[in-house]
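Mind the numbering: the sequence shown is residues 7 to 134 in our numbering, read in order. Positions of the beta carbon are idealized from the N, C-alpha and C atoms, including for glycine. This report refers to the structure that appears directly beneath it.
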Amino acid sequence: MPSDASFRSIPAGKKYLQGIVERSHRTDDEEFYRPHPERIKSTSVFPGKAQMWQDTYNSLRQSWGKGMQGKTPLEKLQESDILQAEPILRFPIIIPDDLFSVLKSGNYLCTHYPNRRCPVLNCGFFLS
């Protein structure tokens, strides 16, 4: 996973990027949240179900969005040879409230490289 990963606001004049984010959220709503509320009976079950959905979306579900041509996000990233697709697409589901309640403050990056094991994520990721 790139060590310079960060969250940034969508730049001014790039409204189409907001559309991409909104479309992704709509897909999550339509294919994960709405069909499965009865299967998620507690907050402890949610992260596992959400991780399964993310893995399915990234590795198995064909996409017909612009430029995807029926490929999965994993296939498209592997084809582009720009990024190491696996670490990015295998990024764990994080419940920010849970993570920040343990960490309290600071700037952290979840990585596969051991420094300090994350007390919230039980997935082999570490905090740097």
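Residues in its own chain within less than 6 Å of residue i by CB, not counting five upstream and five downstream?
i: S48; result: none
i: W59; result: F38
i: L80; result: N64, S65, A91 and L95
Can you tell me which of the three DSSP states residue i falls into?
i: S30; result: helix
i: A56; result: helix
i: S86; result: helix
i: T78; result: coil
i: F97; result: coil
i: T49; result: coil
Take residue i and list the residues in its own chain whose beta-carbon comes closer than 8 Å to its own, dropping the five residues that flank it on each side.
i: L1; result: Given a span of 7 to 134 for the chain in the structure shown, any question on residue 1 remains unanswerable.
i: T33; result: Y63
Here's the rule I'm using: 16 or more other beta-carbon atoms within 10 Å means buried, otherwise exposed. How should residue i be labelled?
i: P17; result: exposed
i: P53; result: buried
i: N128; result: With a pLDDT of 49 at N128, under the threshold of 50, the predicted position of this residue should be treated as unreliable, though the coordinate-derived value follows. It is exposed - the Cβ of N128 has fewer than 16 other Cβ atoms within 10 Å.
List the whole-angstrom C-beta distance separating residue i from residue j, where the pair is believed to meet the contact cut-off of C-beta under 8 Å.
i: K55; j: R40; result: With a Cβ gap of about 13 Å, K55 and R40 do not count as contacting.
i: Q68; j: G76; result: 5 Å
Among the residues of its own chain, which have a CB less than 7 Å from the CB of residue i, if the five just before and after it don't count?
i: L23; result: I16
i: I99; result: P53, A56, Q57 and Q60
i: M74; result: K82
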